[in-house]
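Participant: I am attaching a structure below and will ask some questions about it afterwards.
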Amino acid sequence: MPTTRSVAVALAAALALSACTGSGDEPPAAAPGSTTPGGSTSGGAASTPPASAPAGSAPAAVPETLEFTARTIDGGSFTGASLAGKPAVLWFWAAWCTRCRGVADSVAAVQRDNANRVNLVGVAGLGSGDEAMRRFARDTGVEGFPHLADDDGAVWRRFGVTSQEQYVLLDSTGKVVHTGPLSQADLRRRVAELT
Numbered sequence: 005m006p007t008t009r010s011v012a013v014a015l016a017a018a019l020a021l022s023a024c025t026g027s028g029d030e031p032p033a034a035a036p037g038s039t040t041p042g043g044s045t046s047g048g049a050a051s052t053p054p055a056s057a058p059a060g061s062a063p064a065a066v067p068e069t070l071e072f073t074a075r076t077i078d079g080g081s082f083t084g085a086s087l088a089g090k091p092a093v094l095w096f097w098a099a100w101c102t103r104c105r106g107v108a109d110s111v112a113a114v115q116r117d118n119a120n121r122v123n124l125v126g127v128a129g130l131g132s133g134d135e136a137m138r139r140f141a142r143d144t145g146v147e148g149f150p151h152l153a154d155d156d157g158a159v160w161r162r163f164g165v166t167s168q169e170q171y172v173l174l175d176s177t178g179k180v181v182h183t184g185p186l187s188q189a190d191l192r193r194r195v196a197e198l199t
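In our numbering, the protein residues as written are 5 to 199.
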């Protein structure tokens, strides 16, 4: 019986072969075992309870969509709860994807132009590998914002993303308002609408 890891790697390879070809305008196909945004995941990113509040104050509300943890490409820890209260853009990419490399500079510019108003987080995966993820971030100049190392696909499944160079936009309440591909002009427009 195949392990969860081998099934995830096989799925990632199949998606990679189909997703990095073509124009990028095709909507992604639903992946087996995908979850809806905010739904439970089948491993990898664990749910975390809302952060504790100081004594005498009400606990901070963390939307269910942001109740996850992940590892960053530099080995640090990341909590989805850190995005609460501010609109967020999750950029799903793979280190070997030429389309991702082609838009990296533009995505970095969107982050720099909106850093005070919108959280932007890269989510790398689909068999990229740790060293290739770090090299991609360094070579493309996207080191100015956090990137998650999600080769096991837990964050991808959590948000129903099935191929790279996709975006998930969340409003300040943590509600998903867009999932899928965006041109760079549309990304800028949609980010402006979030603020």
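Just so it is clear, CB atoms sit at the ideal spot from N, CA and C, and this is done for glycine as well.
(1) Would you grab the beta carbon distance between Gln170 and Gly184 for me? Rounded to a whole angstrom, and I think it's under 8 Å.
(2) Measure the C-alpha to C-alpha separation of Met137 and Ala85 and round it to an integer number of angstroms.
(3) Roughly how far, in whole angstroms, is the beta-carbon of Val127 from the beta-carbon of Leu87, given that I think they are within contact range, below 8 Å?
(4) Roughly how far, in whole angstroms, is the beta-carbon of Gly178 from the beta-carbon of Thr102, given that I think they are within contact range, below 8 Å?
(5) With a threshold of 6 Å on Cβ separation, who are the neighbours of Leu174 within its own chain once the five nearest residues in sequence on each side are excluded?
(6) Less than 7 Å separating the Cβ of Met137 from some heavy atom of the ligand HEM?
(7) If you reduce the DSSP assignment to three classes, tell me which class Trp100 lands in.
(8) Quick check: the Cα distance between Leu186 and Arg192, rounded to an integer number of angstroms?
(9) Output the distance between the C-alpha atoms of Asp117 and Ala196, rounded to the nearest integer angstrom.
(10) Looking at the structure shown, is Val165 part of a helix, part of a strand, or coil, going by DSSP?
(11) Which residues in the same chain have their Cβ closer than 8 Å to the Cβ of His182, if we skip the five residues on either side of it in sequence?
(12) Output the boundary residues of the beta strand (DSSP E) element that contains Arg121.
(13) Can you check the region 125 to 193 for any beta strand (DSSP E) of at least 3 residues that lies completely inside it and give the ranges in chain order?
(14) Work out the CA separation of Arg75 and Val165 for me, nearest whole Å.
(15) Please work out which residues of its chain come closer than 8 Å, Cβ to Cβ, to Thr144, disregarding the five sequence neighbours upstream and downstream, and give them in chain order.
(16) If we count the other Cβ atoms within 10 Å of its Cβ and call it buried at 16 or more, is Glu71 buried or exposed?
(17) Starting from Ser81, trace the beta strand (DSSP E) both ways and give me its first and last residue.
(18) For my contact list, Gln115 and Gly148 are in at a C-beta cut-off of 8 Å; report their separation, rounded to the angstrom.
(19) What is the rounded straight-line gap between the Cα of Glu135 and the Cα of Val125?
Facilitator: According to the structure data:
(1) Numbered from its first residue, the sequence shown carries residue 170 at position 166. Numbered from its first residue, the sequence shown carries residue 184 at position 180. Here Gln170 really is in contact with Gly184; their C-beta atoms are around 6 Å apart, less than 8 Å.
(2) Position 133 of the sequence shown, counting from 1, holds the residue named residue 137. Position 81 of the sequence shown, counting from 1, holds the residue named residue 85. Rounded to the nearest angstrom, the two C-alpha atoms are 23 Å apart.
(3) Here residue 127 refers to the residue found at position 123 of the sequence shown. Here residue 87 refers to the residue found at position 83 of the sequence shown. That pair is no contact at about 12 Å.
(4) The residue labelled residue 178 in the question sits at position 174 within the sequence shown. The residue labelled residue 102 in the question sits at position 98 within the sequence shown. Contact between Gly178 and Thr102 fails: their C-beta atoms lie close to 32 Å from each other, not under 8 Å.
(5) Here residue 174 is taken as the residue at index 170 of the sequence shown, counted from 1. Around Leu174, the same chain offers Ala92 and Val180 as residues with beta carbons nearer than 6 Å, after the five sequence neighbours per side are excluded.
(6) With respect to the ligand HEM, the structure offers nothing, as it holds no ligand at all.
(7) Taking the sequence shown and counting its residues from 1, one reaches residue 100 at position 96. Residue state, collapsed to three classes: coil.
(8) Residue 186 sits at position 182 when you count from the first residue of the sequence shown. Residue 192 sits at position 188 when you count from the first residue of the sequence shown. When rounded, the distance between both Cα atoms is 9 Å.
(9) As a working mapping, residue 117 is identified with position 113 in the sequence shown. As a working mapping, residue 196 is identified with position 192 in the sequence shown. C-alpha separation (whole angstroms): 10 Å.
(10) The sequence position of residue 165 within the sequence shown is 161, counting from 1. It is coil, neither helix nor strand.
(11) For the purposes of this step, residue 182 is taken as the residue at position 178 of the sequence shown. Excluding residues within five positions, the ones whose Cβ falls inside 8 Å are Tyr171, Val172, Leu173 and Arg194.
(12) Position 117 of the sequence shown, counting from 1, holds the residue named residue 121. Segment: none, Arg121 is in no beta strand (DSSP E) and carries neither H nor E.
(13) Runs found: 151 to 154, 170 to 174 and 180 to 184.
(14) Stepping through the sequence shown from its first residue, residue 165 is reached at position 161. Stepping through the sequence shown from its first residue, residue 75 is reached at position 71. In this model, Val165 and Arg75 are separated by some 18 Å (Cα to Cα).
(15) Residue mapping note: residue 144 aligns to position 140 of the sequence shown, counting from 1. Result list for Thr144: Arg105, Ala108, Asp109 and Ala112, in chain order.
(16) Translated into positions along the sequence shown, residue 71 becomes position 67. Classification for Glu71: buried.
(17) Within the sequence shown, the letter at position 77 stands for residue 81. Ser81 -> beta strand (DSSP E) spans Ser81 to Thr83.
(18) As a working mapping, residue 115 is identified with position 111 in the sequence shown. As a working mapping, residue 148 is identified with position 144 in the sequence shown. The pair is a contact, with the Cβ atoms about 6 Å apart (cut-off 8 Å).
(19) Position 131 of the sequence shown, counted from the start, is the residue given in the question as residue 135. Position 121 of the sequence shown, counted from the start, is the residue given in the question as residue 125. Roughly 18 Å between the two C-alpha positions.
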